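Undergrad: Which chain is which? The protein sequence lines are A and B, in order. Numbering of the first sequence is given in my numbering, commencing with residue 1 and proceeding in unit increments. Numbering of the second sequence is given in my numbering, commencing with residue 1001 and proceeding in unit increments. Note that beta-carbon positions come from the ideal geometry of N, C-alpha and C, so glycine has one too. Remember, predicted model here, so these are calculated numbers, not experimental data. Before we start, here is the structure in question, set down as structure tokens.
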Amino acid sequence: MGGLDQLRQLQQDFMHYVLGEQSEIVTQIESTPVLSAKDRLDIYATAYKLRLKEAISTDYEVLHLYLGDEQFDNVMEDYIAHYPSRITNLRYYSINMTALLKTRSPFNQHPVLAELATIESSFANSFDSHDRTVVALDELAAMAPEAWATLRLAFQSSVQILPLAFNSFEVWRALSKAQTPPTLEASSESLNWVLWRRADLISHYRPLDGAENAALSLALQGESFAVIFEALLDFYSEEETPMKAVSYLQSWINEEMLSGLSY
Amino acid sequence: MSRPFLGFGLGLRTDHYQHVIEHRPQVDWFEIISENYMVPGGKPLANLDKIRADYPMVMHGVSMSIGSTDPLNQGYLEKLKGLIERVEPLWVSDHLCWTHVDQVNSHDLLPLPYDEATINHLADRISQVQDFLGRPILIENLSSYVSYTQSEMPEWAFVSEIVKRSGCYLLLDINNIFVSAHNHHFKPETYIDAIPSERVMQFHLAGHSYNGDMIIDTHDHDVCDPVWALYEYALRRFGAVSTMIERDDNIPPFTELRAELAIAEAIAAKTLTEQQLEISGRALLRGAA
Ligand SMILES: [Fe+2]
């Protein structure tokens, strides 16, 4: 073996070592009078873990506060073991955190953990999502009445619906202000929250009631207002429905959630 | 490109955005970490645009993985090209290293063996990147903690040969030379003496940490005296080279970092002539390379 094959083998061996797997790389590293080949390689293996932990810690500060150092370190160790990085930009390394916390024991026995991770990753997504134009209310005024049925909405890419079964947003809010979090409890009414970024680049969030959640979910899927009217009939009478739909649309525009109207 | 001299710059860090935007401190230029702005939008890019309006910039990446035996990451290169169009940097750099193999990423700057096959591989890959970007790139020497039995030559010979064959330029990290010299037992001056002067486009300066017998390139301290001395040595050898300080951890207030940069200015002022230190014309300062 020579040339590029030899280089490839060396890189694969090196990476196995860094990942803590079986590896032959030690034989290809020179020792020094004071440091063995293994000691020298361990500098890289240690740095690998530290770097990934630093990335995860930056992305999940509140989850870290909630769990404390020791438990959070367990989460990070588990994450790193399950997700060797397959991404280029470290910014996106920790995007599977919610999935890990939802599926892996013992974390999945505490649903608040996955919910806190969802909140934090949603803020991160919102923070650096695409810059798009913002729809103004007068664009709505310019619309002909018969256009309503076929109206479809385009949203800012920051707009995300977060399904939360617990008072996780209150817990998140308290912890991010360095306050004692409230007792954890299952939410009584609002299970869904919307989080998005306004034109001033600040992210906002608020709860959604059942009807607005249904309407917003359909609108985000690109459904027309005819479909949204239909869905709202589960919540309101035929007379109330059009007014409700219009008021949702107006508030989404006022809150700068929309990037375009098409009809 | 003949060597433009940009003067003395700093690495742009999020901790300093507000200070830079509000006070517009006197700094000749900023170096940005490309990956920090390879995101769809929002504040990172808004701040970047604001600061770019007031300062010349160069782009410095950590993810090109030019030495990997995986295929070049085309998605990354396309994003990089998009950012280059937005920023119009004076130049673009990355490291003489590999970061991933079999699509698994170490997110680290891993050293290469110094042999003929690796030189060919690197020269070829750098040429491909330069063709794609439509401009020469700068590559930076690493701090390293291992050496391979496979290596056939010293690092400086390896670096010089790649530069010669690919037509790329060098971002010479003075601290990395110092760190690697200590870790691999060579004289840092030997390294500097062997580098082709006309290819050196930029210097990095940084602080480091001792970890037992190894020096680790941590960028969490002030630049130390032996590195300042080596900087002076490099100036004597190469003449005026655009110089910046990298600080990535334990980041002090902007004014402290700016004061540290003044040490570099003072060393250059006593080592070189005023004529040598004349900053290249303003006309050069947007997308010149
Ligand atoms: Fe550097």
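1) By DSSP's criteria, B:S1093 is part of a beta bridge. Which residues make up the other side?
2) For B:C1097 versus B:I1126, is the C-beta distance shorter than 8 Å?
3) Going by beta-carbon coordinates alone, are B:Q1276 and B:A1240 separated by less than 8 Å?
4) Helix, strand or coil for A:G210, going by three-state DSSP, please let me know.
5) Using the C-alpha atoms, what's the distance from A:G260 back to B:G1287?
6) May I ask you to list the residues that DSSP assigns as paired with A:F155?
7) Among the residues of its own chain, which have a CB less than 6 Å from the CB of A:F235, if the five just before and after it don't count?
8) Is it buried or exposed, B:A1259, if we count other Cβ atoms within 10 angstroms and call 16 or more buried?
9) Taking 7 Å as the line, does the beta carbon of B:E1088 fall inside it for any heavy atom of ligand 1?
10) Under the three-state reduction of DSSP, which class applies to B:V1039: helix, strand or coil?
11) In the structure shown, what three-state DSSP assignment does A:I43 receive?
12) Taking 7 Å as the cut-off, does the CB of B:D1173 come closer than this to any heavy atom belonging to ligand 1?
13) For B:E1242, write down the residues that DSSP places opposite it in a beta bridge.
14) Pick from B:F1132, B:R1199, B:A1269, B:I1263: whose alpha carbon is nearest that of B:Q1074?
15) Under a CB-based cut-off of 8 Å, is B:G1011 close to chain A?
16) Quick one: what does DSSP say A:M243 is sitting in, helix, strand or coil?
17) Would you say B:N1047 touches ligand 1, meaning its beta carbon is less than 7 Å from a heavy atom?
18) Check whether the Cβ of B:A1206 sits closer than 7 Å to any heavy atom of ligand 1, and report yes or no.
19) Does chain A have any CB closer than 8 Å to the CB of B:V1163?
20) Can you tell me whether B:G1061 is buried or exposed? The criterion is at least 16 other CB atoms within 10 Å of its CB, across all chains shown.
21) Should B:K1079 be labelled buried (16 or more other beta-carbon atoms within 10 Å of its own) or exposed?
22) DSSP three-state call for B:Q1275: helix, strand or coil?
23) Measure the beta-carbon distance from A:A178 to A:A215 and round it to whole angstroms, keeping in mind my assumption that it falls under 8 Å.
24) Which value, in whole angstroms, describes the spacing of the CA atoms of B:F1254 and B:I1263?
25) For A:Y17, count neighbouring C-beta atoms within 10 Å of its own C-beta (all shown protein chains included) and say buried if the count is 16 or more, exposed if not.
26) Can you name the residues of chain B whose CB is closer than 8 Å to the CB of A:E30?
27) Give a yes or no on whether the minimum CB-CB distance between B:G1041 and chain A is below 8 Å.
28) Beta carbons nearer than 9 Å to chain A: which residues of the segment 1195-1219 of chain B have them?
TA: Let me spell this out:
1) B:H1060, B:L1138.
2) No, they are not a contact pair.
3) Yes, the pair counts as a contact, with Cβ atoms nearer than the cut-off.
4) Looking at A:G210 - three-state DSSP - the assignment turns out to be helix.
5) Low confidence applies here, because B:G1287 scores a pLDDT of 48, under 50, leaving its location unreliable; read the following figure in that light. Rounded to whole angstroms, the gap between the alpha carbons of B:G1287 and A:G260 is 34 Å.
6) According to DSSP, which records beta bridges pairwise, A:F155 is partnered with A:L258.
7) Around A:F235: A211.
8) Of the residues assessed, B:A1259 falls on the exposed side of the cut-off, its CB having fewer than 16 other CB atoms within 10 angstroms.
9) Result no, Cβ not under 7 Å from ligand 1.
10) Coil at B:V1039, not helix or strand.
11) It is helical.
12) Indeed, a heavy atom of ligand 1 lies less than 7 Å from the Cβ.
13) Here the sequence assigns Ser to residue 1242 of chain B, which means Glu is not the residue at that position. Per DSSP, B:Q1202.
14) Comparing Cα positions, the closest option is B:F1132.
15) By the rule that beta-carbons nearer than 8 Å mark a contact, B:G1011 does not touch chain A.
16) In the structure shown, the three-state DSSP call for A:M243 is helix.
17) Outside the cutoff, so no.
18) For ligand 1, at least one heavy atom lies less than 7 Å from the Cβ of B:A1206.
19) No, its Cβ sits nowhere closer than 8 Å to a Cβ of chain A.
20) Of the other Cβ atoms in all chains shown, 16 or more fall within 10 Å of the Cβ of B:G1061; this residue is therefore buried.
21) The residue in question, B:K1079, is buried, as its Cβ has 16 or more Cβ neighbours within 10 Å.
22) Looking at B:Q1275 - three-state DSSP - the assignment turns out to be coil, as it is neither helix nor strand.
23) Taking the Cβ atoms as the reference, A:A178 lies roughly 36 Å from A:A215, outside the contact range of under 8 Å.
24) Counting only the Cα atoms, B:I1263 lies some 15 Å from B:F1254.
25) It is buried - the Cβ of A:Y17 has at least 16 other Cβ atoms within 10 Å.
26) One finds V1146, S1147, Y1148, T1149 in chain B with Cβ atoms closer than 8 Å to the Cβ of A:E30, taken in chain order.
27) Yes, contact with chain A.
28) For the segment 1195-1219 of chain B, which is checked against every Cβ of chain A, the residues closer than 9 Å are N1211, G1212, D1213, M1214, I1216.
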